[in-house]
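Chains as they are written, first to last, in our numbering: chain A, 19 to 260; chain B, 1438 to 1682.
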């Protein structure tokens, strides 16, 4: 199987609002893929439709060769997800959170090792509500990793992290990808996307307005970096007709 | 849902962690267990054996109320609000298993509470259950089943935690005060009694009371039928309207 993610003609609307319009993408195994766009561009809708958590109006979705709506249980043994807003049970401790998550999977990563990797091991016995925003975010990423996923969805993974923690997370993800794990992420940080992603898709009002390798996209459009490219894409009329 | 070894392991882990959280939180222990046992002691101490016996069933159902009208709906509403149920949808385990573990734990708490109140009434005040061996436990489970239906209905139809809290408080306290759990039903004015008779819990307590005194079971049949009908309706509506997020 060459592709970990194959999406074709995905459409979704909420009433009159077309949140996703004929969206498609293919992600090769071991690739890090970035989904970009402003808030409300349809990134989260795209991720949730891909995961089968939201009913799509139209289109086909294949993750690791499976339809997420038909093979939920089997698929989520292999797919880890970090949502944009991750809530935790009131008064739960970091360690309990990891144990609970680990109990959900057949294959379990060593969560203690993950806590150490992300420098959360010192917080093991703390309640999650006492953690800082960045620490909670790291815990959410760890939760997504505990089931030893082959495919990882990270919705705004480093929001709230300090520069050092971001580096830790980036390097860890790079390592995963070189071990053949596929990652689909959304981000507002262009430096992050440029550093991590092999390929990207830029969404505007539910439509794809650019996609490809970030390096070649920057060159093709004659910009200095991804941030400038992204801003010029957002300011252009492209996609506004939708 | 497929029950296999792994699901069982996940379930037991959920149960264990939910139990730890509930103990850490303390509300359920205090309001569901300590308070009813305390009230039983108080009623027994200020009244005679007859008072204790007449009010035992009401006090024994406080735990059911705490679990069904507070514990279950508030936990479910907050787990939905915090998107914990949604996150479980993106794991191999259904969030339904989490709801089952919450319900199981709350059911267990209500049993502990019921047992604690019984032991207090039995050994401190000599209250005896006159009905047949299975009648009282059966009635207890039935009242639990009916009161929980209200809790599930709240969990299903109330949009957020704040409103769930409000609805729970609005249902919990009037029932607690007027149904004969904390204030003896017999001392309420007749008009208040008639009003309180509309509460499912009041009818539930009468069924329990009948089991305690060994009264003719025929008088309870209509109560039983109405409560069962109401509970089934509430469960069906909650199943139809329940949202994971």
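Cβ coordinates follow ideal geometry from the N, Cα and C atoms, glycine included. This one's a predicted model, so the numbers in the text were calculated from it and none came from an experiment.
When B/1457, B/1514, B/1545, B/1462 are compared, the shortest CA-CA separation from residue 1682 of chain B is found for B/1514.
Judged by pairs of C-beta atoms under 8 Å, the segment 50-69 of chain A touches the segment 212-223 of chain A, as three or more such pairs exist. Taking all protein chains shown into account, residue 32 of chain A has fewer than 16 neighbouring C-beta atoms within 10 Å of its C-beta and is therefore exposed.
In terms of beta-carbon proximity, residue 1527 of chain B lines the interface with chain A, with at least one pair separated by less than 8 Å.
Distances from the CA of residue 71 of chain A to each of A/59, A/83, A/57, A/91 were compared; the closest alpha carbon is that of A/91.
Under the three-state reduction of DSSP output, residue 219 of chain A falls in the strand class.
Contact annotation for residue 1461 of chain B against chain A: 109 [CB-CB distance below 7 Å, chain order].
Collapsing the DSSP output to three states places residue 1533 of chain B in a helix.
Close to chain B, meaning a Cβ-Cβ distance shorter than 7 Å, is no residue of the segment 194-214 of chain A at all. DSSP places residue 34 of chain A outside both helix and strand once states are collapsed to three, so it counts as coil.
For residue 110 of chain A, no beta strand (DSSP E) segment is defined, and its DSSP state is neither H nor E.
Spatial neighbours of residue 164 of chain A in its own chain (CB-CB distance under 6 Å, excluding positions within 5 residues in sequence) are listed in chain order as 119, 120, 127, 129. Of the other Cβ atoms in all chains shown, 16 or more fall within 10 Å of the Cβ of residue 1553 of chain B; this residue is therefore buried. Less than 8 Å separates the beta-carbon of residue 27 of chain A from that of residue 40 of chain A.
What residue 1600 of chain B touches in chain A, judged by beta-carbon distance under 8 Å, is nothing: the nearest beta carbon there is about 18 Å away. Contact note: residue 105 of chain A reaches chain B through 1519, 1520, 1521, using a C-beta cutoff of 7 Å and chain order. Around residue 117 of chain A, the beta-carbon contacts reaching into chain B at under 8 Å are 1450, 1454. With fewer than 16 other beta carbons inside 10 angstroms of its own, residue 1658 of chain B counts as exposed.
Contact note: residue 51 of chain A does not reach chain B at a C-beta cutoff of 7 Å; the least C-beta distance is about 18 Å. Separation of residue 1542 of chain B and residue 1473 of chain B (C-alpha to C-alpha, rounded to the nearest whole angstrom) is 18 Å.
For a Cβ distance threshold of 7 Å, residue set 1447, 1528, 1529, 1530 of chain B lies close to residue 122 of chain A, ordered along the chain. The three-state secondary structure of residue 209 of chain A, taken from DSSP, is helix. Counting only the Cα atoms, residue 149 of chain A lies some 8 Å from residue 141 of chain A. Of A/166, A/160, A/151, the smallest CA-CA separation from residue 134 of chain A is found for A/160.
Cβ contact annotation for residue 108 of chain A (same chain, cutoff 8 Å, sequence separation greater than five): 147, in chain order. If you draw a 10 Å sphere on the C-beta of residue 1451 of chain B, you find 16 or more other C-beta atoms in it, and that means buried. Remark: C-beta atoms of residue 1550 of chain B and residue 1614 of chain B do not approach each other more closely than 8 Å.
Put simply, the CB of residue 1515 of chain B is near chain A, with a gap under 8 Å to one of its CB atoms. Relative to the Cα of residue 1442 of chain B, the nearest Cα in the group A/124, A/112, A/250 belongs to A/124. For residue 78 of chain A, the uninterrupted beta strand (DSSP E) run begins and ends at 76-81, by DSSP. Between the beta-carbon of residue 1509 of chain B and that of residue 1592 of chain B there is about 6 Å, and that keeps the pair under the 8 Å contact cut. As summarised for the segment 1481-1567 of chain B, the continuous alpha helix (DSSP H) elements at least 4 residues long and confined to that stretch are 1486-1497, 1499-1502, 1509-1518, 1521-1526, 1532-1562, given in chain order. The segment 1602-1638 of chain B is shown to contain whole alpha helix (DSSP H) runs of 4 or more residues at 1627-1633, in chain order. Secondary structure note for residue 233 of chain A: its alpha helix (DSSP H) is the uninterrupted segment 232-238. Pairing residue 254 of chain A with residue 241 of chain A gives a Cβ-Cβ distance that is not under 8 Å.
In this structure, residue 152 of chain A lies near residue 183 of chain A, with their beta-carbon atoms less than 8 Å apart.
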